[in-house]
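Report on one structure; see the data block that follows.
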Amino acid sequence: MAVAISQQCKLQLILLRDFSAKRSLIWINNGIYLAGYTTTAIVWNDTANSANGTFYSGSVQVFSTNFIAKNLSFMNVAPMPVPGADCYIQGSIDFIFGNGKSIYENCQLISIASPVAAGVKSINGAVTAHGRATKDENSGFAFVNCTLGGTGRIWLGRAWRPYSTVVFANTFMTDIVSPEGWNDFNDPSRDQTVFYGEYSCSGAGSI
């Protein structure tokens, strides 16, 4: 399908291509957009503090249904917090979050959390923080045929809301994944309602 792009959109794309520090909102017309993930990236550096809330800190926010991205990198290059494929996605803490229903297939997931010294058991990162609040909601994250690596010691997910739902299938995980795998967001009652799964995964970080 041929896709028409407005002059304003073209200007915004040029600004992005030239590494403009100005944040741009681009309205994309219907159609399919393909690029190479090694050469095309959407990058931003907000945190919950700088954006005045976690909901506003994402490098990419998707509000439509049936969104598909291929051969594109999504990156959050925010400063590291103080310790206390078809797609390339990197971040440190909860770098895939929200209450969407989405599938990530053949993606390279890279943690850029600060390295943790051998023998130190602290956790300083997490891949997901899914926000399903009730059992009646139809949402969840699925990761299929992905690879997970990078730095730090991380959880696969934190239960941001009581019915948080995340599954990793056929995914290779390096030893950056903490042995317990998941975290209940310091609310043990959520252990009874979350749905976290690993199916046929491999690597030192898998169970």
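Residue numbering for the sequence shown follows my numbering, beginning at 7 and increasing consecutively.
Heads up, the beta-carbon is just placed ideally off N, CA and C, and yes, glycines get one too.
These numbers were taken from a predicted model, which means no experiment stands behind them.
**Request:** Count the CB pairs spanning the segment 141-148 and the segment 181-192 that are closer than 8 Å, and state whether there are at least three.
**Result:** Touching, no, given that fewer than three Cβ pairs across the two stretches are closer than 8 Å.
**Asked** By DSSP, does Phe-73 sit in helix, in strand, or in coil?
**Response** Note: Phe-73 maps to coil in three-state DSSP.
**Item:** Thr-153, enclosing beta strand (DSSP E) - first and last residue
**Value:** Counting along the chain, the beta strand (DSSP E) containing Thr-153 begins and ends at 153-157.
**Request:** Rounded to whole angstroms, what's the CA-CA distance from Phe-178 to Glu-204? Just pull it up for me.
**Result:** Each residue's CA atom was taken as its position, placing Phe-178 and Glu-204 some 11 Å apart.
**Asked** Which full runs of the beta strand (DSSP E) of 3+ residues lie inside the segment 111-151, going along the chain?
**Response** Fully enclosed beta strand (DSSP E) runs of 3 or longer: 113-118, 131-136 and 146-150.
**Request:** Answer yes or no: do Ser-65 and Gly-158 have a C-beta to C-beta separation smaller than 8 Å?
**Result:** Here Ser-65 is not near Gly-158, since their CB atoms are 8 Å or more apart.
**Asked** Quick one: Cα of Gly-187 to Cα of Thr-45, how far?
**Response** Distance between the alpha carbons of Gly-187 and Thr-45 is about 32 Å.
**Item:** Where the beta strand (DSSP E) containing Glu-204 begins and where it ends
**Value:** 201-205 is the extent of the beta strand (DSSP E) around Glu-204.
**Asked** How big is the Cα-Cα spacing for Glu-217 and Ser-56?
**Response** Because the chain here runs from 7 to 213, residue 217 falls outside it and cannot be looked at.
**Message:** At the level of alpha carbons, what is the spacing between Gly-90 and Asn-130?
**Reply:** In this prediction, Gly-90 scores a pLDDT of 41, lower than 50, which makes its location untrustworthy; the coordinate-derived value is nonetheless stated afterwards. Between Gly-90 and Asn-130, the C-alpha separation is close to 8 Å.
**Prompt:** Under three-state DSSP, which class holds Gln-96?
**Reply:** Note: Gln-96 maps to strand in three-state DSSP.
**Asked** Leaving out five residues before and five after Asn-192 in sequence, what residues of the same chain have Cβ atoms less than 7 Å from its Cβ?
**Response** Within the same chain, Asn-192 has no close Cβ partners at all.
**Asked** Can Trp-161 and Ala-132 be called in contact, C-beta distance under 8 Å?
**Response** Yes, Cβ-Cβ distance for Trp-161 and Ala-132 is below 8 Å.
**Prompt:** Does DSSP put Phe-61 in a helix, a strand or coil?
**Reply:** Helix.
**Asked** If you compare alpha carbons, which of Ala-135, Asn-189, Cys-113 and Pro-85 is closest to Ser-79?
**Response** That would be Cys-113, whose Cα lies nearest to the Cα of Ser-79.
**Message:** I'd like to know whether the C-beta atoms of His-136 and Asn-176 end up nearer to each other than 8 Å.
**Reply:** Cβ distance not < 8 Å, so His-136 and Asn-176 don't count as in contact.
**Request:** Give me whichever residues DSSP pairs with Ser-208 in a beta bridge.
**Result:** Phe-178, per the DSSP bridge assignment.
**Prompt:** How should Ser-117 be labelled, buried or exposed, when 16 other C-beta atoms within 10 angstroms of its C-beta is the threshold for buried?
**Reply:** Burial call: buried.
**Message:** Would Val-200 and Ala-165 be called neighbours here (beta carbons separated by less than 8 Å)?
**Reply:** Taking 8 Å as the cut-off, the Cβ atoms of Val-200 and Ala-165 count as close.
**Request:** Quickly, what does DSSP pair Leu-78 with across the bridge? List them, please.
**Result:** Beta-bridge pairing links Leu-78 to Cys-93.
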